[in-house]
Ligand code: FES
Ligand code: FES
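Chains as they are written, first to last, in UniProt numbering: chain F, 1 to 157; chain C, 1 to 1154.
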């Protein structure tokens, strides 16, 4: 059975069982590095992607569940030369140590800002509460998230 | 081609330290690696400084055995302090060479030249590196005495420089080891033995008893099963296939002997064999203790903790032409190469390790183990293999940060001086031998002690009578260094104890410390930290509080000493911590931390500050929440639910005071700021409450117990489950064997006449309309669900259906003449459907719902027959078998039918409308909803009357009531029923799961009008509500509040394991949890089975799209699932009776899982 979906604006068709993990398809079939495997149970956030603009954990999403939908990964937000405002905020505030959790942090903040354009620090912290970071980069991440709010507001102007 | 190379003679020949190519690009080489701390940026800054380049123009190659010097493992924050020294000299030497070249070219002395931003300017002109090195090929041996810049000359070092890796990491263009992909690469998945996390004992390498390769031979993608002693792995084309195969592979392992009681750290550590090593013994401790004015004896203990890398370890290996290449996230490329050479029996020179960054590891995780796995598999299959460990494997097998026990005695002299200190520490840990070496038997699994328990074992204070000993011990479970190594626990003891003494002396704890410090730099650090943190002097605990809360400040200080004893000092750090303790719940919040640090020269102050912050957050997590739990034979924590980490909401306000000492040599900063953490927090809790916490972690239960003067509860409140995972494996195997004997037949002795075989009907006999109609009836009955075996060919039967009277197998529905329905005439088919009599005259067991199908109209029945006969025939035998007595006795079924069955088609109720009647026809006829949703009597018949559609069970799942008497808090309205049947989920009830999920998928074939009709009919069955029900909003809000405010261990487990979907907060997550759990009937049901099944097996994606819930069976033990179920019942259905025997129910459900 062929399953079609768009990833970072490009259409793809897969002849794979619908229960194939979306994370596997993104990483192994499409060679994308942004979404990372961290736990496979939706607990850590490392695999986060956007599905129709909404945050989702690709490790617990099946390919079948995203048929016909738009998936955006970290790569689809911006590039090193032209980063998305949220990516820029994380680069400028150095919101990473090892950076393995960084994908999830950026994607989650991006999704939050879509629905809630001007969250305060407490709201940012609550939105990120299920994104784990072992390096303890939380303070820099929150600062980056706050900066992202500003940069996004500027970008919207 | 390089134009300029600086090299040195290393252990195995020349090693390159620095290269400049003809284009002027500078590359530095360092044997240490970036463990995620930004060391790559700092090393680049050092090179850039000496060469006067912008840091962005220096590239660093770290930890590649073919290219970088062998500088030992990246541990103990030594990179900047030691490993960078030759690199800096090489850069300085290169600078001198470049200046000499320019001097020759411009005809002036080197002293007259300036070098700035990679350009040399002199009297006669300017030249960049490329110009100076044109046509050069210089190789210079390192001059370790090359003149390096003095701090006064620094322009780059000492200033913050942006991280070079972040633009790539933030945009997905950075290649972590997880992102290495080679052409033709396969995927390996390892199966580890039941002795998870253990590394010594004769059973290691001898526990694999049998592998049933045939059990997975049919699965797609399988390339190889590789087995060497206890090393077992499958290789497959796709990553998901490899995991599926590994999970399906039937394997028999011997169970290892039980572990000692690791919940009792003090007892166990004192009992086990150890070698006592005296580190210092001066003065006369015993005499001083006996004359002491105040004498205290204390024990402090630290639990096993996880390194907890967010990315489970991964490696790729390629074995080609006798050479082995490994792409690795190792901390120690050269040491790893030695291990791999031993494992593969190859010379080291034939092995290259390419180091890529991985997730921050803070010590030894499974990064090296997985390289051994990948190497063995790449050689076995002759293609590159990637091995990605699962989260469960990483949790179970990473060598843990070791538990530690500190037994302390000490006393105050006459003048209130800290006069005697007797300190003994036990640290069962070593360097974590490579797992592949152990599993394959390449090294002996004998207990290996190491000497790393002595870090910061000597207290920093002036104490006249001092005796310090370390008991070197082999690990009990795999253990190896973790950030702060043994210094963190040792300091917890030193700094708690000195606080206890100060309190005994009635002296201010900061002043008391200062009185015993000689070093002026240390004294300044302590003083400034206390001052800037707003330290309140005291002579005892201040016991401030308000309402439930108590507030306190605590202080602690340490110099982290690393390396072989007596070791070398890294940066020194002091903490001033402020806590709020909830006296009712026992929760401790760290509200404010001020960390002072003296790290000598800071290469990159922002980098230092980030390290400091990371240390604060990580160590607060370790202090307040983290402890590994064990069951009888192994590590028990396999996911972040069982082993939670601190989260954003736990963050304190953090300030840092970085003391500027640009004239002093740089000191390691990777770990220092962790070291005083636990003691500072414990001391703050004492100041707030007067209670001493001497055992980590300071969980709410333990703090509550301490406040009540009760003994410390264990880290895990629930009793450790016994042998859970492998008990299940054994059970599965047993079931597999028994299944062959037990399987019941669908057919019973013939009682009625056989209807002769008929020739298969000709193709094209039926109109497209008839076939379309048949297809709908087929969908309404969801025939496919029962007539397809797990993983089998659709509609060919063979699914085992458990009934109270044995197991029956469904039949092959395809029109194959021999094994399916191909030789069945329409009368034979209709008789089976309406009367439960097979073509050959045998009775069918009522697991086949002919009692409902009898109601199907003649037209629909014919269409259904037509549709089935139009399917492609597939030959498939269904396993034969027996039912248990008395159902297999001749005549029993006939009697049963006489009692419980009327074979008449549906008759509409004239009092009801057409829609209602259509709904009733579908529900009671083809839909056969009552088969699952009505309770059955002792003879297996659906109960009728008030019990009709009042809820039943199927395969261990609860099939909730459809007649409006269900346990959920919200009634099922017609709209709810429509949403649920159409989309598989209702906003007020939740999503279809378990056996209901395929039913919903099949109903997609039915037109909207039919779905509405079913909803209309079912809604009409509900009695009028007795009392007005709460609104969904109120219910959701109350439930959310209850979940958020709970503080017991089960609440933490739930938050960590389930929270991302079930406690989403302000983020709208696309997840399967579209409905608050409080609405779900599973939480309110009389029995926990439905909830337990959902946790074990998950909830599939609904057909309309949307996420699925993963099954947690592989990750959570029976005890933990029981904890979650009990917690949800208590919290979300507070009025209902608590469930009992939950752990046993989970074990049962797990055993019957299909
Ligand atoms: S990997 Fe998906 S949430 Fe952890
Ligand atoms: S930066 Fe390493 S896990 Fe977050």
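Glycine residues also receive a C-beta, built at the ideal position from the N, C-alpha and C atoms.
Please check if any C-beta of chain F sits within less than 8 angstroms of the C-beta of residue 718(C).
Position 718 of the second chain, counting from 1, holds the residue named residue 718(C). Note on residue 718(C): pLDDT 42, under 50, position unreliable in the model; no value is reported.
Got a sec: does ligand 1 put a non-hydrogen atom nearer than 7 angstroms to the Cβ of residue 394(C)?
Residue mapping note: residue 394(C) aligns to position 394 of the second chain, counting from 1. For ligand 1, not one heavy atom lies less than 7 angstroms from the Cβ of residue 394(C).
Taking 8 angstroms as the CB-CB cut-off, is residue 613(C) touching chain F?
By 1-based counting over the second chain, the position of residue 613(C) is 613. Yes, because at least one Cβ of chain F sits closer than 8 angstroms to the Cβ of residue 613(C).
Return helix, strand or coil for residue 415(C), following the three-state DSSP convention.
On the second chain, position 415 is the one that residue 415(C) refers to. In this structure, DSSP gives residue 415(C) a state outside helix and strand, which the three-state scheme calls coil.
Can you tell me where the beta strand (DSSP E) holding residue 589(C) begins and where it ends?
On the second chain, position 589 is the one that residue 589(C) refers to. For residue 589(C), the enclosing beta strand (DSSP E) begins and ends at 588-598.
Is residue 918(C) near ligand 2, going by C-beta to nearest heavy atom under 7 angstroms?
The residue labelled residue 918(C) in the question sits at position 918 within the second chain. Checking the 7 angstroms criterion, the Cβ of residue 918(C) is out of range of every heavy atom belonging to ligand 2.
Nearest-residue set for ligand 1, Cβ under 6 angstroms from any heavy atom
Listed by chain position, these are 37(F), 38(F), 39(F), 40(F), 42(F), 43(F), 44(F), 45(F), 46(F), 47(F), 57(F), 59(F).
Starting from the C-beta of residue 655(C), find all residues in its chain whose C-beta is less than 6 angstroms away, skip the five residues before and the five after it, and write them out in chain order.
For the purposes of this step, residue 655(C) is taken as residue 655 along the second chain, with counting starting at 1. Scanning its chain for C-beta atoms nearer than 6 angstroms, with the 5 sequence neighbours on each side dropped, one finds around residue 655(C) the residues 594, in chain order.
When you compare each of 870(C), 807(C), 1118(C) to residue 764(C) by their alpha carbons, which one comes out closest?
The count along the second chain starts at 1 and reaches residue 764(C) at position 764. Ranking 870(C), 807(C), 1118(C) by CA distance to the CA of residue 764(C) puts 870(C) first.
For the stretch 533-542 of chain C against the stretch 506-513 of chain C, do three or more pairs of beta-carbon atoms, one drawn from each stretch, fall closer than 8 angstroms, so that the two count as touching?
Result yes; three or more Cβ-Cβ pairs closer than 8 angstroms.
Would you tell me roughly how many angstroms separate the C-alpha atoms of residue 67(F) and residue 10(F), rounded to the nearest one?
Within the first chain, numbered from 1, the residue matching residue 67(F) stands at position 67. Within the first chain, numbered from 1, the residue matching residue 10(F) stands at position 10. Near 13 angstroms, if we compare the C-alpha coordinates of residue 10(F) and residue 67(F).
Compute the Euclidean distance between the alpha carbons of residue 504(C) and residue 497(C), then round it to the nearest angstrom.
In the second chain, the residue the question calls residue 504(C) occupies position 504. In the second chain, the residue the question calls residue 497(C) occupies position 497. Spanning the two alpha carbons is a distance of roughly 10 angstroms.
Rounded straight-line distance, which links the Cα of residue 389(C) to that of residue 926(C)
As a position in the second chain, residue 926(C) is number 926, starting the count at 1. As a position in the second chain, residue 389(C) is number 389, starting the count at 1. Looking at the two C-alpha atoms, the distance is approximately 47 angstroms.
Can you list the residues of chain C that residue 146(F) reaches, using a CB-CB cut of under 8 angstroms?
Position 146 of the first chain, counting from 1, holds the residue named residue 146(F). Correct list: empty, because the minimum Cβ distance to chain C is about 12 angstroms.
Cross-chain neighbours of residue 51(F) in chain C, by beta carbon under 7 angstroms
In the first chain, counting from the first residue as 1, residue 51(F) sits at position 51. The contacting residues are 1070.
Sorry if obvious, but does the Cβ on residue 310(C) come closer than 7 angstroms to a heavy atom of ligand 2?
By 1-based counting over the second chain, the position of residue 310(C) is 310. Within 7 angstroms of the C-beta of residue 310(C) there is at least one heavy atom belonging to ligand 2.
Specify which residues have a beta carbon nearer than 6 angstroms to any heavy atom of ligand 2, listing them in chain order.
Result: 96(F), 97(F), 98(F), 99(F), 100(F), 101(F), 133(F), 134(F), 135(F), 137(F), 36(C), 310(C), 359(C), 360(C).
Quick one, which residues of the stretch 119-134 of chain F are near chain C if we go by CB-CB under 9 angstroms, in chain order?
Flagged, chain order: 119, 122, 123, 124, 125, 126, 127, 128, 129, 130, 131, 132, 133, 134.
Straight-line gap, residue 134(F) to residue 575(C) (C-alpha atoms, nearest Å):
Locating residue 134(F) in the first chain gives position 134, counting from the first residue. Locating residue 575(C) in the second chain gives position 575, counting from the first residue. If you take the alpha carbons of residue 134(F) and residue 575(C), they lie about 21 angstroms apart.
Residue 1117(C) in three-state terms, based on DSSP
Translated into positions along the second chain, residue 1117(C) becomes position 1117. Three-state DSSP puts residue 1117(C) in coil, outside helix and strand.
Start and end residues, beta strand (DSSP E) containing residue 549(C)
In the second chain, the residue the question calls residue 549(C) occupies position 549. Boundaries of the beta strand (DSSP E) around residue 549(C): 549-562.
Have a look at the DSSP bridge pairing and note the partners of residue 315(C).
Residue numbering aside, residue 315(C) sits at position 315 when the second chain is read from its first letter. In DSSP, residue 315(C) forms a bridge with 387(C).
For residue 295(C), does the three-state DSSP call read helix, strand or coil?
The count along the second chain starts at 1 and reaches residue 295(C) at position 295. Three-state result, residue 295(C): strand.
In terms of alpha-carbon separation, which member of 455(C), 141(C), 479(C), 470(C) lies closest to residue 488(C)?
The residue you call residue 488(C) lines up with position 488 of the second chain. Taking only the C-alpha atoms, the option nearest residue 488(C) is 455(C).
Thinking residue 119(F) and residue 149(F) are a contact (beta carbons under 8 angstroms), I'd like their distance in whole angstroms, please.
Residue numbering aside, residue 119(F) sits at position 119 when the first chain is read from its first letter. Residue numbering aside, residue 149(F) sits at position 149 when the first chain is read from its first letter. In this structure, residue 119(F) and residue 149(F) form a Cβ contact; the two beta carbons are roughly 7 angstroms apart against a cut-off of 8 angstroms.
Between the Cα of residue 97(C) and the Cα atoms of 138(C), 107(C), 72(C), which residue gives the shortest distance?
Here residue 97(C) corresponds to residue number 97 of the second chain, with the count starting at 1. The residue with the shortest Cα to Cα distance from residue 97(C) is 138(C).
If the criterion is Cβ atoms closer than 8 angstroms, does the pair residue 20(C) and residue 88(C) meet it?
Within the second chain, residue 20(C) is the residue found at index 20, counting from 1. Within the second chain, residue 88(C) is the residue found at index 88, counting from 1. With respect to residue 88(C), residue 20(C) sits apart: the two C-beta atoms are not nearer than 8 angstroms.
Which residues in the same chain as residue 98(F) place their Cβ atom closer than 6 angstroms to its Cβ, once the five residues preceding and following it in sequence are excluded?
Within the first chain, numbered from 1, the residue matching residue 98(F) stands at position 98. Here the set comprises 135.
Buried versus exposed call for residue 578(C) [16 or more other C-beta atoms within 10 Å across all chains shown]:
For the purposes of this step, residue 578(C) is taken as residue 578 along the second chain, with counting starting at 1. Using a 10 angstroms sphere on the CB of residue 578(C), the tally of other CB atoms reaches 16 or more, which defines it as buried.
With 16 other CB atoms within 10 Å as the buried threshold, where does residue 8(F) fall?
Along the first chain, read from residue 1 onward, the residue named residue 8(F) stands at position 8. Taking every protein chain shown into account, the CB of residue 8(F) has 16 or more other CB atoms within 10 angstroms, so this residue is buried.
Does the beta-carbon of residue 305(C) have 16 or more other beta-carbons within 10 angstroms, so that it is buried, or is it exposed?
Indexing the second chain from 1 puts residue 305(C) at position 305. Buried, since its Cβ has 16 or more Cβ neighbours within 10 Å.
Just verifying my parser: in three-state terms, what is the DSSP assignment at residue 809(C)?
The count along the second chain starts at 1 and reaches residue 809(C) at position 809. The three-state reading of DSSP puts residue 809(C) in strand, counting E and B together.
Where in the stretch 243-302 of chain C do unbroken runs of the beta strand (DSSP E), each at least 3 residues long, occur, reported from the N-terminal end onward?
If we require 3 residues or more, the beta strand (DSSP E) runs fully inside the stretch 243-302 of chain C come out as 250-253, 275-282, 294-302.
Would you say residue 812(C) touches ligand 4, meaning its beta carbon is less than 7 angstroms from a heavy atom?
This structure lacks ligand 4; the ligands present are ligand 1 and ligand 2.
Spatial neighbours of residue 1022(C) within its chain, please: C-beta separation below 6 angstroms, excluding the five flanking residues on both sides.
Taking the first residue of the second chain as 1, we reach residue 1022(C) at position 1022. Same-chain partners within the cutoff: 964.
Answer yes or no: does any C-beta atom of chain C fall closer than 8 angstroms to that of residue 158(F)?
Outside the displayed range of chain F (1 to 157) lies residue 158(F), so it cannot be described from this structure.
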